[in-house]
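Visitor: Pasting a structure here, questions to come.
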Amino acid sequence: MYLSKSEEAVIQLSSEALRLDGKSEIILCASLFYFRLPRGLWKERLNKVKAFGYNAIDVYFPWNHHETEEGTWDFAGEKDVAQFLQDVADAGLWVIARPGPYICSEWDGGALPAYLFVKENLRIRDNDPAFLRHVARWYEQILPILKKYEAGQGGTIIAVQLDNELDFYPCSDPKGYISALRDLALQHGITVPLIACAGQGGLYEASGFAEGVVPTCNFYPNDQDPAFEEKVLFYREELARRGLPLLVTETNRSHFLLRRLLSAGAKLLGPYLQASGTNFGFTNAANNWGNPLSFLTSDYDFHGMITPEGHIREEAYEGRMLHRVIQTYGASLAEAKPELTRSASSPYRLALKQGGELLFLCQVNEQDEGAYFHGAEEVIPRYTTLVAKANRCPILPVQVPLQTWGIAEGTLAYATAELLLVKQLEQHTMFVFHTDGEGEIRLCFNTEVQTEAGTMRLHDAEAEDQVTVSFQSSEQERTARIHLLSGHVIELIGMSRSRALLLENMDDEGGLHVGEWVKRISESREVELSWSQSLVNPLDTLGDECLSIGDTADYLEKHGVYRGFAWYTSQLSLPLESTCLGIIVQQASDVVSVYTGETYLGTATPGGGSHFLPIPSGARIEPNLVARVEIWGHTNFHDTNLPGLHLNALKGLTGIVGVTSVREINQNWRFKLMQYGEDKDDYAVSDYDDRQWPIVSVGGWLSAEQPAHQCYRKQVELTKEADTWILYTPGNFSHAYAYVNGHALGQVNPLNPYLDLTPYVKAGDTATLTLFLDKTYGSLSGNIRLYEGTAAKQWTLSSCQEDGLLQHAKASSVGALPVEGDISLKLGTLSWLYGDLRDDNQGLGWRVYVKGSNMKLTVFFNGHLVGRLWTQGGANRPTFRGGSDESFYLPGPWFQGGESGNEIAILLEAVSASEDALLEPLRFVPVFEN
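Residue numbers (my numbering): 107 to 1036.
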């Protein structure tokens, strides 16, 4: 039994409705995240969400935002969850609370603390006692706060979500895991419905169908997908069979799509990220939105209705309009059911609870088309033209009793204009319709009426009980009046859609108040700001403590480093007479900049894989190596294409190899055509006799079989001077598996084509390489090289997070020199750039645009890390996703007022090995009030 079905519950769920305090509601829910907004903007942003039609927000609670290191909790200041929930309640908004433990949300590690990733014998996001013990500690912190702000307990939380889109993750026991989270929630007294959302439609995989947990759906379709409603209706019926409503906890932000979801019976409409924000600090994630690697920008903006700085976009007006339509039909719409019998060409319809239906004239095509629909024995419209506008979905009433609005006699037979608003005055009810072109309205009565055509066109009645009027949308509203025998007056008002979007309210006298579009400011403004610069020795660590970690490097998290920058130093002792061709950084992420002596070798973003950096022409390798590493962010989404995209992936690096030999080994492999299912291990051992096998180039055997299961073997003499051997397999090897001396190296990954042979071979020995190919259609384009070299030793490690960087910036500012115009940095160099900004935008803040090439920026403002950016230029620049990659936001609440004292400090890094870095003067665009 679902906990929410109790008749005493504040929130009740059934197959046909979601009821709050006994009242059926359609929930229009916007994501709004306190951790991506300054505390000083919480109330303002909540009020904007409500002003544009939303009656709820969904909010994640990131575990690692409140526990930045194991056992240290912070719920104060900008992290004051209780105050945020109080602000939400004061704003009159419902809350879908999402405490994880995993949240995704393009947030560092999906909010899982990185210390979990180095715990032995712990399986994250699974029914694992070790993991659940840590989750219990988090829930002990967050759930009592959520309990206090439940609906009926003094707050407005109406549901609590367990985990997030578990169906994307290889959880071995969804039912056991979700049941365990449920039990923890119940132990803390949570009484509102517990939900679990499916990210790709796997209701069981996301919820385990655990007793007492409500499965919900996240849909991210192409908004113009013509078959979308068919899919949604399947889930609606599946959930109805379980006695539950369709709750869409996440979807795209267009209200066109939300209308389509409404037509399929959804009771919760939850567009993700209608209110944008900023990933302040080192809270960005890395994920698979690139090819496959991408870095999430500090700006977090999917072009929802409110920008990160609070500007209103045009889509917000669509939200307000949809809200008015929903409110107009009230409980009758909130308890409506989809009409499941329809022809392929007819619009989707909802059967209203109090009679009649709503027709959704959805046009998914990119061009307008003429349209009509069938009413009671007639084709509609009768006197005008109905046009289905591209990417629009007006909601049209058909045979709706006027009793829906308290008028005893009569029916709204049909309208080809959307009914936006009904205002009930004493003996006077006003119906406001809107359309893009012509609108036709028919009402039927069982008594005699008198009609004043006013500025609408009155059509001859085909029956005594009918009144049919039409209007052409324009900049002036059109009106008509119908006088009932009871003395009641029905006033019909026709508006243009453009004016309806701007309708702010109707006053108590029935006057319409239409506003104006908010004008966006994009022009920059001159600011009084002087800059100074202090160069930083790139070989120096910015942290205070330096730890010796032995002759092998290891990941940062194993040394308690979870965010920020780190510096590895090591010694590379090459054999005499050896020439170093380059270095390989092993299993490295996220941003790795390497120096040998004072020579900069380059910056790479290997995504947890290995990467070769050549020695620049004319340079020589020095024994002392420095690798500066920045954790851009732990991935928020599990993906196996790169090591760094695994949800529990670690950061830093595991070694550096000085490469002294590169050998092409594509030729002279022994070949055997295998049968499907043959044991690979038999052919991989060193002493297998392959002397009768033909000799070919790797992948070179032609075969008519598809797929062709092929085995290639080759013996390679290893140099005595090296201590590290790495197989490099770039290109396309289809499905390939590599072995050395009978030991499996794993599947060849073209995105990470480095395989370390070192644990299984010895210097001077002969190594037997075996490659198994499942060759399919198309030719192979791969090749194979063997890197031989020497591993760096005598490793040290230091690290620095926000506070340490700020301390270094302050100490370095003493010797800063004034600069003007463009800032240029030589290859691999670093500097601090300082500015003192006046608060001359009335405390509203600024959007600051960055332009340049090959420059990476870490931007602080009055002690807050507000942005991390990487300007265009260079093949080593990763893909950036999630928002603007060319600007950062200075929030108004973080200004200290006055004409000075607002400090900007920017750590600049030149990150190209071939071109100097350039930063053009920053462009300041003021935030405006709206």
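Positions of the beta carbon are idealized from the N, C-alpha and C atoms, including for glycine.
Is it buried or exposed for Val791, if we count other Cβ within 10 angstroms and need 16 for buried?
Guide: exposed
Visitor: With H, G and I counted as helix, E and B as strand and the rest as coil, what does DSSP make of Asn170?
Guide: helix
Visitor: Can the beta-carbon of Lys225 be found less than 9 Å from the beta-carbon of Ala236?
Guide: yes
Visitor: Along the chain, where does the alpha helix (DSSP H) containing Leu607 start, and where does it finish?
Guide: Arg603 to Leu607
Visitor: For the ligand PLP, is there any heavy atom lying closer than 8 Å to the beta carbon of Thr825?
Guide: Absence of the ligand PLP is noted for the structure shown, with no ligands found whatsoever.
Visitor: Straight-line CA distance for Ala659 to Ser716?
Guide: One C-alpha to the other measures close to 14 Å.
Visitor: Run through DSSP, which three-state label would Ser110 get?
Guide: Below a pLDDT of 50, predicted positions are generally treated as unreliable, and Ser110, at 44, falls in that range; the measurement from the model is reported next regardless. Shown here, Ser110 sits in a helix according to DSSP, grouped into three states.
Visitor: Look up Asp234 in the DSSP assignment and give the residues it is bridged to.
Guide: Looking at the DSSP assignment, Asp234 forms no beta bridge with any residue, so it has no partner.
Visitor: In the DSSP assignment, find the unbroken beta strand (DSSP E) run with Gln505 in it and report its ends.
Guide: Ile501 to Pro507
Visitor: Give the DSSP bridge partners of Trp200, in chain order.
Guide: Ala162
Visitor: Kindly indicate which residue of Ser1018, Gln853, Ile690 and Pro722 has the alpha-carbon position closest to the one of Ser840.
Guide: Gln853
Visitor: Give every residue of the same chain whose Cβ lies closer than 7 Å to the Cβ of Asn648, excluding the five residues on either side of it in the sequence, and list them in chain order.
Guide: Reading off the sequence, residue 648 comes out as Leu, not Asn. Same-chain partners within the cutoff: Phe671, Cys906, Gly910, Leu911 and His914.
Visitor: With DSSP as the reference, label Arg1029 as helix, strand or coil.
Guide: strand
Visitor: Quick check: Val1017 and Glu992, are their CB atoms within less than 9 Å of each other?
Guide: no
Visitor: For Gln948, count neighbouring C-beta atoms within 10 Å of its own C-beta (all shown protein chains included) and say buried if the count is 16 or more, exposed if not.
Guide: exposed
Visitor: Near Tyr1037, which residues of its chain fall below 6 Å by C-beta distance, leaving aside the five closest residues on each side in sequence?
Guide: This structure leaves residue 1037 out entirely; the chain is present only between 107 and 1036.
Visitor: Just to confirm, are Ala84 and Ser676 a CB contact at a threshold of 9 Å?
Guide: In the structure as shown, the chain begins at 107 and stops at 1036. Residue 84 is therefore absent and cannot be evaluated.
Visitor: According to DSSP, which residues form a beta bridge with Gln118?
Guide: Among the bridge pairs identified by DSSP, Gln118 is matched with Arg125.
Visitor: Closest to Leu939 by CA distance: which of His665, Gln639, Glu651 and Glu823 is it?
Guide: Gln639
Visitor: Taking the beta strand (DSSP E) that Trp637 belongs to, which residues open and close that run?
Guide: Trp637 to Val642
Visitor: Mapping DSSP to helix, strand and coil, what is Leu564?
Guide: strand
Visitor: On the DSSP bridge list, what partners appear for Thr902?
Guide: DSSP links Thr902 through a beta bridge to Ser654 and Thr675.
Visitor: Nearest-angstrom Cα distance between Arg231 and Ala302?
Guide: 13 Å
Visitor: With contact counted as at least three CB pairs below 8 Å, one residue from each stretch, are the stretch 765–779 and the stretch 791–808 in contact?
Guide: yes
Visitor: Cα separation between Asn747 and Leu857?
Guide: The alpha-carbon separation between Asn747 and Leu857 amounts to approximately 7 Å.
Visitor: Taking Val700 and Leu719 to be in contact with their CB atoms under 8 Å, please state how far apart those CB atoms are, rounded to whole angstroms.
Guide: 6 Å
Visitor: Measure the alpha-carbon distance for Leu290 versus Gln306 and round it to whole angstroms.
Guide: For Leu290 and Gln306, the distance between alpha carbons rounds to 26 Å.
Visitor: What residue range does the alpha helix (DSSP H) around Thr434 cover?
Guide: Glu421 to Ala440
Visitor: Would you check if the distance between the CB atom of Val972 and the CB atom of Leu996 is smaller than 9 Å?
Guide: yes
Visitor: In the DSSP assignment, what are the bridge partners of Glu770?
Guide: Arg891
Visitor: Does Gly183 come out as helix, strand or coil in the three-state DSSP assignment?
Guide: Gly183: helix per DSSP, three-state reduction.
Visitor: Could you compute how far the alpha carbon of Leu456 sits from the alpha carbon of Tyr160?
Guide: 22 Å
Visitor: Considering Cα atoms alone, identify which of Gly656, Leu252, Val506 and Asp946 is closest to Leu189.
Guide: Looking at the sequence provided, one finds Gln at residue 189 rather than Leu. If we check each option's Cα against that of Gln189, Leu252 comes out closest.
Visitor: From what residue to what residue does the alpha helix (DSSP H) around Asn153 run?
Guide: Trp148 to Ala157
Visitor: In chain order, what residues of the same chain lie with their CB nearer than 8 Å to the CB of Gln485, ignoring the 5 residues before and after it?
Guide: Note on identity: in this sequence residue 485 is Val, with Gln being the wrong assignment. Same-chain partners within the cutoff: Tyr478 and Phe479.
Visitor: Within 10 angstroms of its Cβ, does Asn611 collect 16 or more other Cβ (buried), or is it exposed?
Guide: Looking at its Cβ environment, which holds fewer than 16 other Cβ atoms inside 10 Å, Asn611 is exposed.
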